[in-house]
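Input: a single structure, listed below in structure tokens.
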Amino acid sequence: MSELELPENSNAAGVEAASFEILLAQLGDEGSGYHTRNDPDPLRRYQRTTITERRGAVEMRCKAREVVHGSVEPSGDHATLLVYDFSFNAAKIGRRITSANISFRFYGMQPTSSTPRVHELAPYGRFILLPTSREESSIIGTEVNVGGGFLGANIGGVVKWEMTTSSTTNDATILNGATECDDFGNETGVNWIIHENKTTKSGIPSFLRVAILLSREDNKGFLGSFEAKLEADWKTEMSRFFGTTSRDDPILFDPQQKPTKNLCPAGYDLGNLAAVDLKAISDISFHAVTPIK
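Per the working numbering, residue 11 is the first one in the sequence shown, and the count goes up by one each step.
Listed below in structure tokens is the structure:
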């Protein structure tokens, strides 16, 4: 396979713009800055498996499970199927990740190359996970001093009037999946936002699998970028992860690479990738509890 031609100037073709910032550093945390690079070996430079990995008070990793190039449908546009696994973990006791905002964006490799567009993604839309309900009651009261007589009897003391109101508070872990547009309204990116259930304070799910189907006008190489923003709770006090930012290499895609089949040993229909059920591939889960025997 011949090596793809990269622009001589990194500003050309948006390579600098495609380099992405990982906004996961908490002030004072060791190892908060990091840089994910592409392998210098031309045979391993493209379509790297580990998109990013961060270790510290909170840990996040993104790993590519499938990269499959083909066509959207027979005689249709070129296409690329992407599947990524995310793992989230609060490594220190008393901490949890309360929200995550993750995005992928795609660009042409050369100034004259077309930009891939999002044909489909999963999960897509708004999802409610582990909903909870909580009954809340409040009492509104007043005290009245009473004196004098009633039917010949002397009465004195305090009468307390009370009114009880009750309400139901509903909460849940929320996942939102959507596309992102460029300046011209083309859907060239994807975004997922996860918020924890604020009532149970159980953190966000520990595992998320997403699937993306891109359509491409040409069969040239292209770039992908990734950005993540996390918020975490530490001993019930919110602590935003910020501070250092690192420039990470863009993900390089080569349509001439052989398709993976990690999740489908029989392989995919390369001439009809639109037939792949992205909803069936996507997944989200919390930590499983295993009893100690």
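Virtual Cβ for every residue (Gly too), placed ideally from N, Cα, C. Remember, it's a predicted structure, so these values are computed and weren't measured experimentally.
Linking Lys289 to Thr209 through their CA atoms gives a straight-line distance of about 28 Å. Thr125 has its alpha-carbon roughly 20 Å from the corresponding atom of Gly281. DSSP places Leu53 outside both helix and strand once states are collapsed to three, so it counts as coil.
Assignment of Ile222 by DSSP, reduced to helix, strand and coil, places it in the strand class. By the criterion of a C-beta distance shorter than 6 Å, Ser225 is surrounded in its chain by Val82, Asp87, Ala89, Arg127 and His129, once the five residues flanking it on both sides are discounted.
For Lys289, there is no enclosing beta strand (DSSP E); the residue is part of the alpha helix (DSSP H) that begins and ends at Leu288 to Ile291. Per DSSP, Phe116 is one residue of the beta strand (DSSP E) stretching across Arg105 to Gly118. The straight-line gap separating the alpha-carbon atoms of Ala182 and Leu139 is approximately 6 Å. Burial state of Ala100 is buried, judged by a 10 Å Cβ sphere holding 16 or more other Cβ atoms.
CA-to-CA, the gap between Pro50 and Pro84 works out to about 36 Å. Taking one beta carbon from each stretch, the region 109–125 and the region 196–207 have 3 or more pairs nearer than 8 Å; the two touch. Nearest Cα to Gly277 within the set His79, Pro133 and Asp264: His79. The three-state reading of DSSP puts Leu273 in coil, since its state is none of H, G, I, E or B. If you check the CB distance, Arg105 and Ala67 come in under 8 Å.
Secondary structure of Leu280 (DSSP, three-state): coil. Here Cys72 is buried: its Cβ has 16 or more other Cβ atoms, across all protein chains shown, within 10 Å. Comparing alpha-carbon positions, the option among Ser295, Glu227 and Asp259 lying closest to Glu63 turns out to be Asp259. The three-state reading of DSSP puts Ala285 in helix, counting H, G and I together. Between Tyr94 and Arg75 the beta-carbon gap is near 7 Å, inside 8 Å, which marks them as a contact.
Spanning the alpha carbons of Leu218 and Gln120 requires a straight line of approximately 32 Å. For a cut-off of 8 Å, the C-beta gap from Asp264 to Gln57 is around 7 Å, short enough to register as a contact.
The beta carbons of Tyr117 and Leu223 sit no closer together than 8 Å.
Judged by DSSP in its simplified three-state form, Ala132 adopts strand. In this structure, the beta-carbon distance from Gly213 to Glu206 falls below 8 Å. Ranked by Cα distance from Pro215, the options Arg54, Thr46, Ser97 and Leu92 are led by Ser97.
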